[in-house]
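Participant: Okay, here's the structure, questions in a sec.
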Amino acid sequence: MALFSVLLALLLERMRLVSDKLGYQAWHSKFQAIVFDNDRPPSDARTLVAIVVPATVLYLLLSAVEGLLWGSVSLAIWTLVAVVLLNHAPIRENFSQYIKAACRKDSQACYHYAQRLDPHTDIESIEVKHLGRYIGETTAWINYRYFAAVVIYFAVLGPVAALLYSSLRSYSDSRRLSNDAPAWLTTAMSLADWIPSRLVSFGYMLAGHFSSAWHTWQKQALHIDSSARNIIGEVALAAEALPVSTQAECNSDAPQQAVICVESTVTLLKLARRNFILLLVVISLLTIFGVIQ
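Just remember that our numbering sits 527 ahead of the position in the sequence shown, which is counted from 1.
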C-alpha cells in the first residue's frame, strides 16, 4: 500500500495534475494560522500541539476506516496523504527560476531565488563563483528533507509517521528562522533525521562514486553528533565529481562568467534523482519480499 501510494503521488505531481492548493505548504499555513492565531512568538506548548495533533487525527481516522470497503478507503487516504506531503511546487518553482536566472547571467536574481531555497543561510555572503556548487549541495539537502526522508517514514512506519516528520520539520524550520527554536525541538528534529540521513547518504555513495565518498561517509555518518545537513551535503559532493570545465569557469574572476556555474548544480541534481530512484527500488524490493507492507 505504501509503495503504490508513493508512486501514484509522485506520478500525479510529476504530471502537474495536483493543484498547489493541495500542497503541503498550503495546508500547513492554514493549520498554523488556526493554532497560533496571534501568538507571536509561538509558545512551546502550542508548537507541540501543532506538531502532534495532525498525526493524531490521521491515526484516529485510519483506525476508524480500517477494513472499510475492502481497504479501499484506507488506500485512498494513504494516497491523499502521500500527494499532500510530496507536493512542494514552490520549491520546484524557485529552483527552476534559479536555473533560468543563472543561464541568463542574472546574478541578482540568482541570489534572490537561492535565498528562497535556503532561507537559513546568508546567501549574500557566498561568492558568485561558489554559488552554483553551494546550490547543488542545497539541492541534495532539499531532496532529502522534503522527499527522501518523507518517503522512508511513509514506507517503513506509514503515513502517520510521515506526517509527524513533516510537521516537525516545518515548525523546526520556522522557529529557526525566527531565532527562537527551543532545545527540545532542535533535539527532536536531529533524532528524526539521524537514521534517514545516514541511509540516504549511503545511497549517494551507491548512486555516485563509491570509492570517493566512502571515506567521507565513514567520517560523517559514524560520528554520532554529525548533523544531517553536513552528512548529506558532504557525501553528495564527494560522490560526484564536478566537470573540469565547470570548475574552471566557476573559479574564473570574470563577473560575467561567474554566474554561468550551473553545471555543478545540475550534476548534483542528477545525483539526487538517481539516489531517489535507488531508494524507490529498495522500497519496491522490500515490499516484494514482505519486509514492509
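Ideal Cβ positions, reconstructed from N, Cα and C, are used throughout, including at glycine.
Apart from the five residues just before and just after I758, which ones in its own chain have a Cβ nearer than 7 angstroms to its Cβ?
Facilitator: The beta carbon of I758 is closer than 7 angstroms to those of S724, R725, S728, Q747, A748 in its chain, skipping five residues each way along the sequence.
Participant: Looking at the secondary structure, which residues open and close the alpha helix (DSSP H) in which E654 lies?
Facilitator: Element bounds for E654: n/a, residue is neither H nor E.
Participant: Using a Cβ-Cβ cut-off of 6 angstroms (strictly less than) and excluding sequence neighbours within five positions of P569, which residues of its own chain qualify?
Facilitator: Closer than 6 angstroms at Cβ, skipping near neighbours: F563.
Participant: What's the gap between the Cα of V655 and the Cα of L534?
Facilitator: 38 angstroms
Participant: Cα-Cα, which of L764, S811, Q820 is closest to G663?
Facilitator: L764
Participant: What residue range is occupied by the uninterrupted alpha helix (DSSP H) comprising P723?
Facilitator: 710–734
Participant: Taking all protein chains shown into account, do 16 or more other C-beta atoms lie within 10 angstroms of the C-beta of E761, making it buried, or fewer, making it exposed?
Facilitator: buried
Participant: Going by Cα to Cα distance, which pick from H555, R643, T666, V608 is closest to E790?
Facilitator: T666
Participant: Between L712 and T574, which are expected to be in contact by the criterion C-beta below 8 angstroms, what is the C-beta distance as a whole number of angstroms?
Facilitator: 7 angstroms
Participant: Between the C-alpha atoms of Y640 and N621, what's the straight-line distance to the nearest angstrom?
Facilitator: 6 angstroms
Participant: Spatial neighbours of A553 within its chain, please: CB distance less than 8 angstroms, with the 5 preceding and 5 following residues excluded, ordered by chain position.
Facilitator: D547
Participant: If you reduce the DSSP assignment to three classes, tell me which class A767 lands in.
Facilitator: According to the sequence as given, residue 767 is Glu; it is not Ala. In the three-state DSSP reduction, E767 falls in the coil class, being neither helix nor strand.
Participant: Measuring CA to CA, which of H742, E767, L806 is closest to L798?
Facilitator: It is E767 whose Cα lies nearest to the Cα of L798.
Participant: Excluding the 5 residues preceding and the 5 following L813 in the sequence, name in chain order all residues of the same chain whose CB lies nearer than 8 angstroms to its CB.
Facilitator: A682, I819
Participant: Where do the N-terminal and C-terminal ends of the alpha helix (DSSP H) with A742 fall, by residue?
Facilitator: One detail in the question is off: residue 742 reads as His in this sequence, not Ala. H742 -> alpha helix (DSSP H) spans 737–748.
Participant: Just to confirm, is the Cβ distance from Y551 to S697 under 9 angstroms?
Facilitator: yes
Participant: Using a Cβ-Cβ cutoff of less than 8 angstroms, which residues in the same chain neighbour S717 once the five nearest sequence positions on both sides are dropped?
Facilitator: S754, A755
Participant: At 4 residues or longer, and completely inside the stretch 642–683: list those alpha helix (DSSP H) runs for me, N to C.
Facilitator: 655–670
Participant: Might you give, ordered along the chain, the residues of its own chain that have their beta carbon closer than 6 angstroms to the beta carbon of Q774, omitting 5 neighbours on each side?
Facilitator: Confidence is the limiting factor: at Q774 the pLDDT is only 47, short of 50, which leaves the residue's position unreliable and the question unanswerable from this model.
Participant: Nearest to I679 by CA position, among G730, H657, I650, is which residue?
Facilitator: G730
Participant: Going by beta carbon distance, what residues of the same chain come within less than 7 angstroms of P646, once the five residues before and after it are set aside?
Facilitator: L704
Participant: Quick one: using the 10 Å Cβ neighbour count with 16 as the cut-off for buried, is F737 buried or exposed?
Facilitator: exposed
Participant: Mark C630 as exposed unless 16 or more other C-beta atoms lie within 10 angstroms of its C-beta, in which case mark it buried.
Facilitator: exposed
Participant: How long is the line joining the alpha carbons of T648 and A719, rounded to whole angstroms?
Facilitator: If you take the alpha carbons of T648 and A719, they lie about 22 angstroms apart.
Participant: Thinking just about the alpha-carbon of each residue, which of I751, Y638, I578 is nearest to the one in W721?
Facilitator: Closest option to W721, Cα to Cα, is I751.
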